[in-house]
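Notes for the one structure printed next.
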Amino acid sequence: MALEGIPFVLATAAASVAFYFVWPKSIPLAVLGLLLTAFVAWFFRDPDRVTPDEPDAVISPADGRVVFCGECPPGRYNAEPGKKVSIFMSVFDVHVNRAPVSGKVVAVRYNPGTFFAADADKASLLNEQNGVSLETSGGHTVSYVQVAGLIARRIVCYLSEEDNVRQGQRVGMIRFGSRVDVILPASAVLRVRMGDRVRSGESVLGVLQ
Numbered sequence: 001m002a003l004e005g006i007p008f009v010l011a012t013a014a015a016s017v018a019f020y021f022v023w024p025k026s027i028p029l030a031v032l033g034l035l036l037t038a039f040v041a042w043f044f045r046d047p048d049r050v051t052p053d054e055p056d057a058v059i060s061p062a063d064g065r066v067v068f069c070g071e072c073p074p075g076r077y078n079a080e081p082g083k084k085v086s087i088f089m090s091v092f093d094v095h096v097n098r099a100p101v102s103g104k105v106v107a108v109r110y111n112p113g114t115f116f117a118a119d120a121d122k123a124s125l126l127n128e129q130n131g132v133s134l135e136t137s138g139g140h141t142v143s144y145v146q147v148a149g150l151i152a153r154r155i156v157c158y159l160s161e162e163d164n165v166r167q168g169q170r171v172g173m174i175r176f177g178s179r180v181d182v183i184l185p186a187s188a189v190l191r192v193r194m195g196d197r198v199r200s201g202e203s204v205l206g207v208l209q
């Protein structure tokens, strides 16, 4: 389970115990609380993943569904045109994010914003977000952007500039699901399409060239 979920699990478990011992007639509420505790533990699950051993592959940083896949004009996280894959994370997906490539953190940019539905195209531009740019050993820059949504308003990032990360490493999470954008160089070959389901740390989004 992700560490961020521990306070929620402890709170629901404590409430269940309190109901049982303080108010004996509230056994149904105590049982309901235990069920809620189990659900919260599942909600913040953090399963191990096996990262594919494929040179120059860019893997998905998030579980979810591909809602955009295509060209990306120069913007906040890329000085030159590139390609972008946007992944919508529902509240039922694993919320832990993983590094799409191995490399050095060259920039971490936080931008406050609004809270539109995460599957809307404008969410990438207007919503609260945290972007991390990684430079690979081959000189490529790959960025991933954690975007808050209508429900998810808590972005967690474990990285700072100058950190070195390995592909598939846990790098943060977005509580209650949302959206993650991955920005690749224009020369990258994409391997996913709109509507595809992807898994963090395992699914290959594209290959750097």
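Note that the numbering used here numbers the sequence shown so that position 168 is 168, with each residue one more than the last.
Cβ coordinates follow ideal geometry from the N, Cα and C atoms, glycine included.
Where residue i falls, given that 16 or more other Cβ within 10 Å makes a residue buried
i, result
"residue 92", "exposed"
"residue 71", "exposed"
"residue 164", "exposed"
"residue 189", "exposed"
"residue 89", "buried"
"residue 139", "exposed"
Opposing strand residues paired with residue i [DSSP bridges]
i, result
"residue 146", "130 and 180"
"residue 139", "Paired residue(s): none; residue 139 is not in a bridge."
"residue 203", "In DSSP, residue 203 forms no bridge with anything."
"residue 110", "130"
Nearest to residue i (by Cα), restricted to the options the options
i, options, result
"residue 74", "200, 186, 190 and 192", "186"
"residue 154", "95, 203, 193 and 54", "95"
"residue 80", "141, 18 and 12", "141"
8 angstroms Cβ cutoff, residue i in contact with chain B
i, result
"residue 8", "Among the chains of the structure shown, chain B does not appear; only one protein chain is present."
CA-to-CA distance, residue j to residue i, given in whole angstroms
i, j, result
"residue 15", "residue 30", "8 angstroms"
"residue 131", "residue 77", "7 angstroms"
"residue 193", "residue 57", "16 angstroms"
"residue 10", "residue 169", "26 angstroms"
| said: Counting beta carbon pairs with one atom in the region 126 to 135 and one in the region 193 to 201, are three or more of them shorter than 8 angstroms? | reply: no
| said: Can you confirm whether the region 103 to 115 touches the region 55 to 67 when touching is taken to mean that 3 or more C-beta pairs between the two stretches lie within less than 8 angstroms? | reply: no
| task | Mind the definition here: the region 77 to 84 touches the region 166 to 183 only if three or more C-beta pairs lie below 8 angstroms; say whether that holds. | result | yes
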